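J.: Okay, here's the structure, questions in a sec.
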Amino acid sequence: MVGMGFFDLRSTASRFRFFAVLEALSWIGLLTGMAFKYLPAEGNEIGVKIFGPVHGGIFVLFVLSALLAARELNWNWKTTVLALASSIPPLFTVIFEVWAVRTGQLGELSADASKGSAAATQTAS
């Protein structure tokens, strides 16, 4: 099946991917805002005032999507804890998503990735 692209939101796995990437991007915004707040002598708080609540909201959506994915994709408790813990360090949600695809934890996204690598292997032969 050919999807609508990287962020086709019709499945639990693809929604999880979307919120994992969005959470990482909001981390970048928040860290940038923090840099402008604390690095110059006369810091500017506008970045933190904007990206703080944005990141907080996306964080909650990521946690909810991880819990839904855990239920829908039958993750074991270790995978579920890893997914939830990945939301704490900056950018780790994307690292977890890549790992989850490679290890078969993200349903059709993992199946699509394995088909793509099998096709690449056949083409290279």
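Numbering-wise (my numbering), the sequence shown opens with residue 31 and increments by one. The beta carbon of each residue, even a glycine, is placed where N, CA and C say it ideally should be. Given the structure is predicted, the values throughout are model-derived calculations rather than measurements.
1. Where does VAL78 land, buried or exposed, given buried means 16+ other C-beta within 10 angstroms?
2. Within 10 Å of its beta-carbon, does SER155 have 16 or more other beta-carbons around it, so buried, or fewer, so exposed?
3. With a 10 Å radius around its C-beta and 16 neighbouring C-beta atoms as the bar for buried, classify TRP107 as buried or exposed.
4. Confirm, please, whether the CB-CB distance from GLU127 to ALA50 is below 8 angstroms.
5. Fully enclosed by the region 73 to 131, which alpha helix (DSSP H) runs are 4 residues long or longer?
6. Return the CA-CA distance between GLU53 and THR123, expressed in angstroms with no decimal places.
7. Would DSSP call LEU136 helix, strand or coil?
8. Can you tell me which of the three DSSP states ARG47 falls into?
9. Three or more C-beta pairs under 8 angstroms: does that hold for the region 64 to 81 against the region 36 to 45?
10. Decide if THR109 is buried, meaning its Cβ has at least 16 other Cβ atoms within 10 Å, or exposed.
T.: So, to answer that:
1. Numbered from 1 along the sequence shown, position 48 holds the residue referred to as residue 78. With 16 or more other Cβ atoms within 10 Å, it is buried.
2. As a position in the sequence shown, residue 155 is number 125, starting the count at 1. Legend: pLDDT at SER155 = 40, less than 50; position of this residue unreliable, value from coordinates given subsequently. The residue in question, SER155, is exposed, as its Cβ has fewer than 16 Cβ neighbours within 10 Å.
3. Numbered from its first residue, the sequence shown carries residue 107 at position 77. It counts as exposed.
4. One-based indexing of the sequence shown puts residue 50 at position 20. One-based indexing of the sequence shown puts residue 127 at position 97. Taking 8 angstroms as the Cβ cut-off, ALA50 and GLU127 qualify as a contacting pair.
5. 76 to 102 and 107 to 115
6. For the purposes of this step, residue 53 is taken as residue 23 along the sequence shown, with counting starting at 1. For the purposes of this step, residue 123 is taken as residue 93 along the sequence shown, with counting starting at 1. Between GLU53 and THR123, the C-alpha separation is close to 7 angstroms.
7. Taking the first residue of the sequence shown as position 1, residue 136 is located at position 106. Three-state DSSP puts LEU136 in coil, outside helix and strand.
8. Start at 1 with the first residue of the sequence shown, and residue 47 comes out as number 17. Helix, per DSSP.
9. no
10. For the purposes of this step, residue 109 is identified with residue 79 of the sequence shown, where counting begins at 1. Buried: at least 16 other Cβ atoms inside 10 Å.
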